[in-house]
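End of the sequence shown sits at 223 in the numbering used here; the numbers just go up one at a time, nothing left out. Ideal placement from N, C-alpha and C gives every residue a C-beta, glycine not left out. Below is one structure, written out as structure tokens; comments come after it.
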Amino acid sequence: MRANLAAFSRVAPPTSGVRRRAGVALTVFEHRGEPCVLVIKRAFGGRNAGQWALPGGRVEEGETAVEAALRELHEEAGLQASSAEVAGVLDDFVTGSGFVITPVVVVLDRPRRPRRDPVEVHSLHPVPLHRLLDDAVPRWRTAADGSPLLQMPLRHDMVIHAPTGAILWQFRQVALLGQHTRVGNVAQPAWTHQ
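If you want it as structure tokens, here you go:
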């Protein structure tokens, strides 16, 4: 995984004039003896209520996207990670709501138990890496404007769309399969633009 990420040349849009930046932590950790990625369901009050997401949030003044992702991972999921546990960074993803999201891949070097912040997070969901590699993942649809609409059906009750779905798909392709895949053209459902 680390070698695949090291060989990947990420794409980042110009940051001049961008006021809304966010960092998210795509976190790989051991859960019940198998490697998983941590997916959260946002709390039902506040921004992106009830949506599937990765721990993350706004980049604060004087902070890098990596620092923001690690801070938010600790705040939202109770997982402390060091910069040494950052395995790589995927392509920035520009959202319909005006954010530029920087996905930071974090590989925890020892087992840890996540603990949710009940104000920001409704629930925590460890998703085994083998689910990302399932033949049924992803599903592709066509958006009204003709652009590709991605669905990541990770459980019977968990279908994730872009931007989170696009980030998970790029992680699958780049980190797990070693395929340099871009996701900037993946459509987002209108309800994710809130």
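query                                                                                                       : result
T193 - containing beta strand (DSSP E), residue span                                                        : Careful: T193 lies outside any beta strand (DSSP E), inside the alpha helix (DSSP H) at T193 to F200.
Cβ shell of V215 (< 7 Å), same chain only, five flanking positions each side left out                       : P177, L179, A191 and A195
DSSP three-state assignment for H154, whether helix, strand or coil                                         : strand
Residue burial classification, T171 (beta-carbon count within 10 angstroms, cutoff 16)                      : exposed
Cα-Cα separation, Q109 to S152                                                                              : 18 Å
Under 8 Å between C-beta atoms of T193 and L83                                                              : yes
The segment 87 to 105 contacting the segment 206 to 214, beta-carbon criterion three pairs below 8 Å        : no
Coarse secondary structure for H60, derived from DSSP in three states                                       : strand
For R31, the three-state DSSP class (helix, strand or coil)                                                 : helix
C-alpha gap between S112 and V136, whole angstroms                                                          : 10 Å
Coil, strand or helix - R100 by DSSP                                                                        : helix
Sequence-distant residues of the same chain with beta carbon closer than 7 Å to V88, five excluded per side : R50, A51, G52, A94 and A97
Short CB-CB distance (under 8 Å) between A191 and chain C                                                   : Looking for chain C here will not work: only one protein chain is present.
L62 and R71 closer than 8 Å at C-beta                                                                       : Looking at the sequence itself, residue 62 is Gly, so the reference to Leu does not match. No, they are not a contact pair.
Secondary structure of A106, DSSP reduced to three states                                                   : helix
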